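Peer 1: Quick note: the sequence shown uses the UniProt record's numbering, first residue 1, plus one each step.
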Amino acid sequence: METEFVDFNAGPLVKPGKTYVAYKPGGSEIVVGSADARVSIFKTEKDIRKVAEASIERHIDEISCVAVHDSRFVTAGTDGFIITYKNNEYEKILIRSTVAVRSVVFNPQGMKIAIAGDDNDIRVVLIADNSKIVSLQGHTTSLKSIDYDPTGEYIASSSCDGDIRIWSVGPNEPAPRCVKVLKNITPASKPDHALTAKVLWSPDKSCFAFPGKNNDIRMFTYGLWTPYSTLENGHTETISTFSWSPNGYYMATTSKDKLLIIWDVKKKKMVRKAIVVASITEIAWHPEENQLVFANENGEIMYWDEVIPEGNSNYPHPAKMRRNTQSDILETQSQDPYSLEPSSLDPRLLESRATNKANEHFFDTMADDEDGEDLRSEENDDIDMMDAEDDFVIDDDGAGYAETPEERQRMQALHQQRLNLSRMGGNQYQRPVVFDPPSAFQPGETPYNKDKDNRGFDPMEGERRYLCYNLVGAMYTIYQDNHSIINVEFHDQSAHRNFHFTDYSNFTMGALSEAGSIFAVEGKEALEKPKKTRINDEGEEETDDEEDGDDQEKITASTLHFRPLSMRAGGDKDWTYHLPLGEDVVAVAINSASVIAATSTGFIRIFSLSGIQKHIFTLNNIVTLSAMNDLALLVYAAGPAFTGQQNMEYLLLNTDANEVLQKDKIQLSIGSELAWAGFSETTQAAIYDSESILRILHHQRRPNQAAWVPVFNGKAHAKSIQRTESYWPVGVLRDRLMCIILRGDNKYPFFPRPPVNEVPLELPLIEPTSETGKIELAYLSMLYRDLHERDEAEATQRQDEYQDAFDSADIEMDKDILRLINIACKSERHSRALDLVNSLRLSESVDKAIRVATYHHLSSLANSMMRVKELKFMSRARVLPPSLSEALASQPSIYESNMPSLENGLSLLEKNESDGRKRLILDDDTDDVVMDSLNNNSHKTKKPRPFQFS
């Protein structure tokens, strides 16, 4: 594009130096902060632009930033003062910082101010009460810029080292937290340098923008925090500052090359390119008009009127929202699913805006598109963001549904085409919901240690963290300057010997099993200028002329590395895979048959232990992986969730046969997060959440019958033993949780490696300390274990090998039931005793139950028990639960019920006048009829029909 020599309109002149300017709401006035510590207010009308309406001197050093919200504005300076003003008059000193302040911003409601300065910490201050301050700690160098997103949910901040951090500060967060760190992504500079490293959210919250390292502007998507778009090939120097237009269609950028460029953000093309006489220090767009103002280092305030060419429908007004056609809306959705945010406005307010004029315009626009003509002129095609007062509801009855100024301002930032679709009944075009999936993690991993101020996000040399900690052993890494040391230690030294190796890839994740260990690391992007940089005496970042080939940072692919532990026939060797560029490993697992790797592209890659690629399929948003024997548990985010919840599902996969055993929801405690996932020593899937609840997957081998059964409550257990401790899971045995006990505020185990403790599992039954509760707890615990172990033995064709153990379990469970029968007979609870008899597995156990009833002189109960024996143990001495094959063979075409379902008085369904009951005929013995009357729970049973093949 050709460079223009624009005749800018001169505004006021202030002291030369860094000058900052911002429009007040409505655009009739500007606020100017100058190097002489003075803040001035000027009118924007052409004839009186150079006359100050007010001039206030409260700072003692130069002003470094200005922010405006409604009738209030705030200034901050290198003197550390943050001063608020209202109605163009001094209000108060909000707070005094001990260091220079570089950036301030109001939250969208105007109730808080976020402050960034040279002390590395962000402070959020309540304007009404400056004693209420919240600190956001994490940056390791001085801060440069800060900005709230349009909803107030997130803060973006940049620092002198080139890092950008995203902070979640919404009202639903118990405490502000850093959700994303973008390392060394914007040019580094000194705190007082002209390179502002500015970060700004787009008006529609779809992304945030910042200066890139290649003289460009980079944009990252909201929620995913991934690259979205780049404005490049415009400047020859690093961009010093920039500004979004009010509707987000355009962006104005400038740099030390003394160019002022206007960009069409969607098309990523330059609209205008102008030369300026001095380096620009600040840019601001008029909130209503086609105009922008900028300040330069000479202290000049310049206006650029009609900055966007008028009369061209390809260039809409910078402060007005364009009415798009239906096809344009679909195109926008396909290119940027986050560009159209859901509106929370009252439906009555939306209906009030459906005027005849708007409908007529929409239909006319659609007709123009069908004829292949150009869009209507800008005058008819745009909606003035600040106009059309008659389109608003007037709250004349005090009902409270009239639009407040805040609601109006929020609505003006949304895409108007959504209203057009709703007026035409276009509900089929659903508003997209921003989906922020949970971060992936490895079971048994820990982060690097943090200091008491929680600032240690970057590892220091010599720091350690666990990559994996399970029942096999512990795998940890020691960080060095240009490499790491990986140590693998085993619990059973007789089975495997500890080993360590030098890790030049700096692996970030790992998994360990009896078969081997797997390591992985994400890929690294290459820098455009892979040369050493330094800050010169003038505070600028510059590259050294001499190239050092050893220090060149090159692009590296994501790496997957396997090391065997067991030597099979022929011996296994190490193998390594480098994934395609742009595809990163996010989670890994290993079992006795396979290596499983989940990647950022949504691929699940399965390898044999010898390195053969066996299977690949797609499963997006993986949260964690775990594996054992030939099974793998894959947990993934299924979509957006309610506040405080996690919406996740699991896939239980046989990695040897590539068969799916189960696929269903992950069940967590309300308001909790998934903290660990794994398998017990008997290969039963288990999960542990942040509320210290351990759940096992019951009936995991039976299609559509699996359920998450809670078997341990860590908080209740700690309370029962009168301790304040938490439990960090390592593994699960048959009846115990193997864990590391954490005390105080510790969330992870650190070094030296602490011992592994065992805690008994306990189902959360009611009254578990009573005599009956203790027996019921023992019985149910053994029942769940027995059912799972029988299924696993049958699935692996090992029934005969474990038959003695199963027989012993039958005897122990019957003993518990007999104890409960004895208690029920003592309290003369006949129905309870009869129910318990039906749970007995051995015929001889029923005989003992009959003797118990006879001992308590309950002859009728003893007779009923005898009938149960005759029915249940007619031709066998033992009754077992259906085997896995029997359960599959007896899958019903309709699920039966023992309880009548049509006798409700409200059903209005009449029965036959004659007695519809039929005699239960088992044989010619009339005692069977008596048995039917005694046993209310008896019902017709049929043997399952075997599979028939045609």
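From the three backbone atoms N, C-alpha and C, an ideal C-beta is built for every residue, glycine too.
Just so you know, these numbers come straight off a predicted model, no measurement behind them.
Quick one: what's residue 595 bridged to in DSSP?
Peer 2: Answer is 590, 607, bridged to residue 595.
Peer 1: Which whole-angstrom value describes the C-beta separation of residue 682 and residue 788, a residue pair presumed to lie in contact below a C-beta threshold of 8 Å?
Peer 2: About 7 Å; that satisfies the 8 Å criterion.
Peer 1: With DSSP run on the structure shown, which of helix, strand or coil describes residue 788?
Peer 2: In the structure shown, residue 788 sits in a helix (DSSP, three-state: H, G or I).
Peer 1: Taking C-beta to C-beta, are residue 21 and residue 282 nearer than 8 Å?
Peer 2: Contact flag set, yes.
Peer 1: Which value, in whole angstroms, describes the spacing of the CA atoms of residue 400 and residue 151?
Peer 2: Caution is warranted here: a pLDDT of 42 is assigned to residue 400, below 50, making its placement in the model unreliable, and the coordinate value is therefore given only provisionally. Whole-angstrom Cα-Cα distance: 22 Å.
Peer 1: Residue 615: which of 826, 604, 840 sits nearest, CA to CA?
Peer 2: Comparing Cα-Cα distances from residue 615 to each of 826, 604, 840, the minimum goes to 604.
Peer 1: Going by the beta-carbon positions, is the gap between residue 588 and residue 518 smaller than 8 Å?
Peer 2: Yes, the Cβ-Cβ distance between residue 588 and residue 518 is below 8 Å.
Peer 1: Can you tell me which of the three DSSP states residue 742 falls into?
Peer 2: Reduced to three states, the DSSP call for residue 742 is strand.
Peer 1: Tell me, to the nearest whole angstrom, how far the beta carbon of residue 711 is from that of residue 695; I am working on the premise that it is less than 8 Å.
Peer 2: Between residue 695 and residue 711 the Cβ distance is about 7 Å, and since that is below 8 Å, they are a contact.
Peer 1: Between residue 18 and residue 68, what straight-line distance do the alpha-carbon atoms span, to the nearest angstrom?
Peer 2: Distance between the alpha carbons of residue 18 and residue 68: 18 Å.
Peer 1: What first and last residue would you give for the alpha helix (DSSP H) that runs through residue 715?
Peer 2: Here the alpha helix (DSSP H) through residue 715 covers 714-720.
Peer 1: Using the three-state DSSP reduction, which class does residue 226 fall into: helix, strand or coil?
Peer 2: In this structure, residue 226 counts as coil in the three-state DSSP scheme.
Peer 1: Applying the 10 Å Cβ sphere with the 16-neighbour rule, what's the burial state of residue 591?
Peer 2: Buried is the call here.
Peer 1: Which residue or residues does DSSP assign as beta-bridge partners of residue 19?
Peer 2: Answer is none; residue 19 lacks a bridge partner.
Peer 1: Mapping the DSSP letters down to three states, classify residue 962 as helix, strand or coil.
Peer 2: Limits of the chain in this structure are 1 at one end and 950 at the other, which puts residue 962 out of reach.
Peer 1: How would you write the range of the beta strand (DSSP E) that residue 485 sits in, first residue to last?
Peer 2: Here the beta strand (DSSP E) through residue 485 covers 484-490.
Peer 1: Cβ of residue 486 within 8 Å of Cβ of residue 462?
Peer 2: Not a contact, by the Cβ cut-off of 8 Å.
Peer 1: Could you pull out every residue in the same chain whose Cβ sits closer than 7 Å to the Cβ of residue 476, ignoring the five residues on either side in sequence?
Peer 2: Within the same chain, residue 476 has close Cβ partners 464, 465, 466, 467, 487.
Peer 1: Which residue comes first and which comes last in the alpha helix (DSSP H) that contains residue 835?
Peer 2: From DSSP, the alpha helix (DSSP H) with residue 835 extends over 830-837.
Peer 1: Do residue 795 and residue 802 count as a contact pair if the criterion is CB distance below 8 Å?
Peer 2: Cβ atoms of residue 802 and residue 795: not closer than 8 Å.
Peer 1: Using 8 Å for Cβ pairs, my map puts residue 653 next to residue 668. What's the rounded Cβ distance?
Peer 2: Incorrect: roughly 21 Å between the Cβ atoms, too far for contact.
Peer 1: Candidates 265, 285, 286, 260: which alpha carbon is nearest residue 275's?
Peer 2: Looking at the Cα atoms, 260 is the closest of the given residues.
Peer 1: Mapping the DSSP letters down to three states, classify residue 802 as helix, strand or coil.
Peer 2: Residue 802 falls in the helix class under three-state DSSP.
Peer 1: Residue 668 CB to nearest chain C CB: under 8 Å?
Peer 2: The structure shown contains no chain C; it is built from a single protein chain.
Peer 1: Out of curiosity, what's the CA-to-CA distance linking residue 664 and residue 638?
Peer 2: Roughly 10 Å between the two C-alpha positions.
Peer 1: Have a look at 880, 856, 847 and flag the residue whose alpha-carbon is nearest the alpha-carbon of residue 865.
Peer 2: It is 847.
Peer 1: Taking only three categories from DSSP, how would you classify residue 783?
Peer 2: Three-state result, residue 783: helix.
Peer 1: Give me the Cα-Cα distance between residue 562 and residue 121, rounded to the nearest whole angstrom.
Peer 2: If you take the alpha carbons of residue 562 and residue 121, they lie about 41 Å apart.
Peer 1: Please list, in chain order, all residues of the same chain as residue 742 whose beta carbon is under 8 Å from its beta carbon, the five residues on each side excluded.
Peer 2: For residue 742, where only same-chain residues beyond five positions count, the Cβ hits under 8 Å are 725, 726, 727, 728, 748, 749.
Peer 1: Which first and last residues belong to the alpha helix (DSSP H) in which residue 1032 is found?
Peer 2: Residue 1032 falls outside the range modelled here, since the chain spans only 1 to 950, and no answer is possible.
Peer 1: Report, in whole angstroms, the separation of the C-beta atoms of residue 80 and residue 96, which I expect to be a contact under 8 Å.
Peer 2: Sure, about 6 Å apart at Cβ, within 8 Å.
Peer 1: Flag this pair as touching only if the stretch 757-766 and the stretch 670-682 have three or more C-beta atom pairs under 8 Å; answer yes or no.
Peer 2: No: the two stretches stay apart, fewer than three of their Cβ pairs being nearer than 8 Å.
Peer 1: Using a Cβ-Cβ cut-off of 6 Å (strictly less than) and excluding sequence neighbours within five positions of residue 706, which residues of its own chain qualify?
Peer 2: Only 662, 697, 699, 700 meet the Cβ criterion.
Peer 1: Can you give the Cα-Cα distance for residue 49 and residue 294, rounded to whole angstroms?
Peer 2: Roughly 13 Å between the two C-alpha positions.
Peer 1: Can you give the Cα-Cα distance for residue 94 and residue 83, rounded to whole angstroms?
Peer 2: Taking the straight line joining both Cα atoms gives about 6 Å.
Peer 1: Quick one: what does DSSP say residue 66 is sitting in, helix, strand or coil?
Peer 2: In this structure, residue 66 counts as strand in the three-state DSSP scheme.
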